[in-house]
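*Asks:* Quick one: the structure is below, questions incoming.
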Amino acid sequence: MRGAALLALPLLLLTAGCSTKPGGSGSATGGGSGAGLPPLAKKASYKVGFSQVESNNPWRIAETKSMRDEAAKRGDQIVVTDATGSPAKQIADVSNMIAQRVDMIFLAPHSEKPLAPVVLQAKRAGIPVILVDRRVDPSIAKPGQDYVTFIGSDFVQQGKEAADWLIKESGGKAKIIELEGNTGSSPAIDRKKGFDDEIKSQPGMQIVASQPADFAREKGRQVTETLLQAHPDVTAVYAHNDEMALGAVVALQAAGKQPGKAVQVISIDGGREALQAIIDGKMNFVVQSSPFFGPVAFDTMKQYANGDKIPDWVVVKDKTFDKANAKAEIGNAF
Ligand code: AHR
Numbered sequence: 004m005r006g007a008a009l010l011a012l013p014l015l016l017l018t019a020g021c022s023t024k025p026g027g028s029g030s031a032t033g034g035g036s037g038a039g040l041p042p043l044a045k046k047a048s049y050k051v052g053f054s055q056v057e058s059n060n061p062w063r064i065a066e067t068k069s070m071r072d073e074a075a076k077r078g079d080q081i082v083v084t085d086a087t088g089s090p091a092k093q094i095a096d097v098s099n100m101i102a103q104r105v106d107m108i109f110l111a112p113h114s115e116k117p118l119a120p121v122v123l124q125a126k127r128a129g130i131p132v133i134l135v136d137r138r139v140d141p142s143i144a145k146p147g148q149d150y151v152t153f154i155g156s157d158f159v160q161q162g163k164e165a166a167d168w169l170i171k172e173s174g175g176k177a178k179i180i181e182l183e184g185n186t187g188s189s190p191a192i193d194r195k196k197g198f199d200d201e202i203k204s205q206p207g208m209q210i211v212a213s214q215p216a217d218f219a220r221e222k223g224r225q226v227t228e229t230l231l232q233a234h235p236d237v238t239a240v241y242a243h244n245d246e247m248a249l250g251a252v253v254a255l256q257a258a259g260k261q262p263g264k265a266v267q268v269i270s271i272d273g274g275r276e277a278l279q280a281i282i283d284g285k286m287n288f289v290v291q292s293s294p295f296f297g298p299v300a301f302d303t304m305k306q307y308a309n310g311d312k313i314p315d316w317v318v319v320k321d322k323t324f325d326k327a328n329a330k331a332e333i334g335n336a337f
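Below, the structure written as structure tokens:
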């Protein structure tokens with residue numbers, strides 16, 4: 004047994020923040036919040052929607068598969084949409100799900116602000132929403148009030164762990180290129196904050212350039228290629244995901260620099276290719292960000308329908324990978 008099925012089992016979950024008590028009175032007749040969240044009836048099977056951001060990388064493909072597999076396992080019907088990286092399309096996708104009267108919407112929002120209003124639209128239409136993997140702007144839509152909960156990693160912590168590794172391994176001396184995820188998305192905002200704040204305490208470390216490369220491999224390659232011309236003396240690349248890091252590896256090689264040695268390469272996700280790059284000595288450190296949301300998403304839906312208390316944030320706990328464990332872990336990666 005490999006990949007999604009295996010990794011879904013040890014997914015560690017914590018809970019944080021205040022909690023939502025669905026079910027109004029918490030009755031056995033089904034979910035719905037005293038705070039105004041739409042109810043979810045207890046049913047033998049559900050028709051749910053999963054609004055995916057894009058499907059252009061292994062992380063997204065693994066996430067969609069995990070959601071589909073779990074729906075099939077439980078006998079639920081799932082409507083999956085792919086916004087192809089467009090916030091406008093994703094808004095239309097969710098509006099469509101509302102028009103179809105799905106029982107529950109699982110939304111992986113492209114970015115924080117543009118997708119927040121459609122969460123409120125679903126609430127007005129009486130359809131509960133669970134955010135998976137990314138957040139929306141909390142000043143527009145709030146967990147436990149406008150949507151049930153956010154299920155996902157602590158992105159600030161991921162950035163901090165990446166920085167801590169580099170501080171230790173570089174002895175506090177580095178010139179860093181940072182490749183950011185798509186602007187306005189919660190992982191891009193928080194992974195930058197976690198990393199940059201930690202690096203600030205180190206006088207010998209400098210982020211010489213920080214630029215968006217949209218979580219995409221080719222963009223990661225292109226941006227790194229350009230930045231290397233202005234900053235040929237870089238000693239580290241920190242990428243907000245594996246895809247951009249793998250693009251940076253290609254750019255570094257093309258520039259005659261040895262990724263993983265002359266230039267340390269750090270990323271977030273923990274896909275198979277990144278773990279292989281660690282084994283091959285081309286990358287150094289990866290913080291996991293699990294895409295296997297299916298089991299926890301459908302469990303949370305069930306708990307909500309049962310009238311259980313749902314925390315505002317269902318925290319997915321992540322591991323880290325380096326040369327000490329990459330070989331042992333690669334069989335579980337997506
Ligand atoms: O929201 C999670 C991030 O989005 C993943 O790190 C990345 O690979 C994806 O596109």
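Per my numbering, the sequence shown starts with residue 4, numbered consecutively.
Even glycine gets a Cβ: it sits at the ideal position worked out from N, Cα and C.
#1: Would residue 235 be called buried (16 or more neighbouring beta carbons within 10 Å of its own) or exposed?
#2: Taking the alpha carbon of residue 211 as the point to measure from, which residue in 328, 205 and 179 has its own alpha carbon closest?
#3: Suppose the cutoff is 6 Å on Cβ atoms and the five residues either side in sequence are ignored; what does the same chain contact list for residue 262 look like?
#4: With 16 as the cutoff for other CB atoms within 10 Å, does residue 152 come out buried or exposed?
#5: With residue 192 as the anchor, note down where its alpha helix (DSSP H) starts and where it stops.
#6: Compute every distance between the C-beta of residue 162 and the non-hydrogen atoms of the ligand AHR, then say whether any falls below 8 Å.
#7: Output needed for residue 80: all residues of its chain with C-beta closer than 8 Å, excluding positions within five of it in sequence on either side, in chain order.
#8: Under a Cβ-count criterion, where at least 16 other Cβ atoms within 10 Å of its own Cβ denotes burial, should residue 303 be classed as buried or exposed?
#9: With residue 120 as the anchor, note down where its alpha helix (DSSP H) starts and where it stops.
#10: Express the C-alpha separation of residue 155 and residue 83 in angstroms, rounding to a whole number.
#11: Could you name the residues of the same chain whose beta carbon sits closer than 7 Å to that of residue 90, not counting the 5 residues immediately before and after it, in chain order?
#12: Spatial neighbours of residue 279 within its chain, please: C-beta separation below 7 Å, excluding the five flanking residues on both sides.
#13: Let me check understanding here. Comparing Cα to Cα, which of 325, 121, 166 and 165 lies closest to residue 145?
#14: Run the proximity test for residue 111: is its beta-carbon closer than 8 Å to any non-hydrogen atom belonging to the ligand AHR?
#15: Within the chosen definition, does the region 58–78 reach the region 286–301 through at least 3 CB pairs nearer than 8 Å?
#16: Pull up the distance between the alpha-carbon of residue 309 and that of residue 40, whole angstroms please.
#17: How is residue 110 classed by DSSP in three states: helix, strand or coil?
#18: Within a Cβ cutoff of 6 Å, which residues of the same chain sit near residue 168, ignoring the five residues on either side of it in sequence?
#19: Determine, using beta carbons only, whether residue 266 and residue 161 come nearer to each other than 9 Å.
#20: Using the rule of at least 16 other Cβ atoms within 10 Å of the residue's Cβ for burial, across every protein chain shown, is residue 60 buried or exposed?
#21: Is the CB-CB distance between residue 158 and residue 135 below 9 Å?
#22: If we ignore side chains and look at the alpha-carbon of each, how far apart do residue 147 and residue 101 end up?
#23: So the candidates are 129, 181, 127 and 141; which of them puts its Cα closest to the Cα of residue 315?
#24: Please state the DSSP three-state secondary structure of residue 242.
#25: Which term fits residue 131, buried or exposed, when burial requires 16 or more other beta carbons within 10 angstroms of its beta carbon?
#26: Quick one: is the Cβ of residue 146 within less than 8 Å of any heavy atom of the ligand AHR?
#27: Here's a check: name, in chain order, each residue in its chain whose Cβ is nearer than 7 Å to the Cβ of residue 177, leaving out the five neighbours to either side.
#28: Between which two residues does the alpha helix (DSSP H) harbouring residue 92 extend?
#29: In the DSSP output, which residue or residues are listed as bridge partners for residue 306?
#30: Based on the DSSP output, what are the partners of residue 150 in its beta bridges?
#31: Keeping to the same chain, check which residues put their C-beta closer than 7 Å to that of residue 246; ignore five residues upstream and five downstream.
#32: Could you compute how far the alpha carbon of residue 259 sits from the alpha carbon of residue 229?
#33: Just the residues with CB closer than 5 Å to a heavy atom of the ligand AHR, in chain order, which are they?
#34: Expressed to the nearest angstrom, what Euclidean distance is found between the alpha-carbon atoms of residue 203 and residue 273?
#35: Can you look up residue 52 in the DSSP assignment and give me helix, strand or coil?
*Replies:* The short version:
#1: The residue labelled residue 235 in the question sits at position 232 within the sequence shown. So residue 235 counts as exposed.
#2: The residue given as residue 211 occupies position 208 in the sequence shown. Comparing Cα-Cα distances from residue 211 to each of 328, 205 and 179, the minimum goes to 179.
#3: One-based indexing of the sequence shown puts residue 262 at position 259. Excluding residues within five positions, the ones whose Cβ falls inside 6 Å are 252, 255, 268 and 285.
#4: If you number the sequence shown from 1, residue 152 lands on position 149. Its Cβ being crowded by 16 or more others within 10 Å, residue 152 is buried.
#5: What you label residue 192 is simply residue 189 of the sequence shown in a count that begins at 1. From DSSP, the alpha helix (DSSP H) with residue 192 extends over 189–203.
#6: If you number the sequence shown from 1, residue 162 lands on position 159. Incorrect: residue 162 has no Cβ contact closer than 8 Å to the ligand AHR.
#7: Working through the sequence shown from its first residue, we reach residue 80 at position 77. Excluding residues within five positions, the ones whose Cβ falls inside 8 Å are 48, 49, 50, 51 and 74.
#8: On the sequence shown, position 300 is the one that residue 303 refers to. By the 10 Å Cβ count, residue 303 comes out buried.
#9: Position 117 of the sequence shown, counting from 1, holds the residue named residue 120. Element bounds for residue 120: 119–127.
#10: The count along the sequence shown starts at 1 and reaches residue 83 at position 80. The count along the sequence shown starts at 1 and reaches residue 155 at position 152. The alpha-carbon atoms of residue 83 and residue 155 are separated by roughly 19 Å.
#11: The residue given as residue 90 occupies position 87 in the sequence shown. Excluding residues within five positions, the ones whose Cβ falls inside 7 Å are 113, 114, 117 and 118.
#12: Sequence index remark: in the sequence shown, residue 279 carries index 276 (1-based). Counting only Cβ-Cβ distances below 7 Å, and skipping sequence neighbours, we find 333.
#13: Here residue 145 corresponds to residue number 142 of the sequence shown, with the count starting at 1. Cα-wise, what sits closest to residue 145 is 121.
#14: In the sequence shown, the residue the question calls residue 111 occupies position 108. Yes, the ligand AHR has a heavy atom inside 8 Å of this Cβ.
#15: yes
#16: Translated into the one-based positions of the sequence shown, residue 309 becomes position 306. Translated into the one-based positions of the sequence shown, residue 40 becomes position 37. Going from the Cα of residue 309 to the Cα of residue 40 covers about 14 Å.
#17: Position 107 of the sequence shown holds residue 110. Three-state result, residue 110: strand.
#18: Locating residue 168 in the sequence shown gives position 165, where the first residue counts as 1. Once the five neighbours on either side are set aside, the close Cβ partners of residue 168 are 288.
#19: The residue given as residue 266 occupies position 263 in the sequence shown. The residue given as residue 161 occupies position 158 in the sequence shown. No; because the gap between Cβ atoms is not below 9 Å, this pair is not in contact.
#20: On the sequence shown, residue 60 is found 57 positions in, with the first residue counted as 1. Burial call: buried.
#21: As a working note, residue 158 is residue 155 in the sequence shown. As a working note, residue 135 is residue 132 in the sequence shown. Their beta carbons are not under 9 Å apart, which means residue 158 does not touch residue 135 by this criterion.
#22: Your numbering for residue 147 matches position 144 in the sequence shown. Your numbering for residue 101 matches position 98 in the sequence shown. Roughly 20 Å between the two C-alpha positions.
#23: The residue labelled residue 315 in the question sits at position 312 within the sequence shown. That would be 141, whose Cα lies nearest to the Cα of residue 315.
#24: In the sequence shown, residue 242 corresponds to position 239, counting from 1. Reduced to three states, the DSSP call for residue 242 is strand.
#25: The count along the sequence shown starts at 1 and reaches residue 131 at position 128. By the 10 Å Cβ count, residue 131 comes out buried.
#26: Taking the first residue of the sequence shown as 1, we reach residue 146 at position 143. Incorrect: residue 146 has no Cβ contact closer than 8 Å to the ligand AHR.
#27: Stepping through the sequence shown from its first residue, residue 177 is reached at position 174. Result list for residue 177: 169, 208, 238 and 239, in chain order.
#28: Position 89 of the sequence shown holds residue 92. 90–102 is the span of the alpha helix (DSSP H), which, as asked, contains residue 92.
#29: As a first step, residue 306 is located in the sequence shown; it is residue number 303 there, counting from the start. In the DSSP output, where bridge partners are listed per residue, residue 306 has none listed.
#30: Translated into the one-based positions of the sequence shown, residue 150 becomes position 147. Answer is 146, bridged to residue 150.
#31: The residue given as residue 246 occupies position 243 in the sequence shown. The answer, listed in chain order, is 60, 218, 219, 220 and 223.
#32: Taking the first residue of the sequence shown as 1, we reach residue 259 at position 256. Taking the first residue of the sequence shown as 1, we reach residue 229 at position 226. Looking at the two C-alpha atoms, the distance is approximately 14 Å.
#33: 62, 136, 137, 190, 218, 244, 272 and 292
#34: By 1-based counting over the sequence shown, the position of residue 203 is 200. By 1-based counting over the sequence shown, the position of residue 273 is 270. Roughly 26 Å separates the two Cα atoms.
#35: One-based indexing of the sequence shown puts residue 52 at position 49. It is a strand residue.
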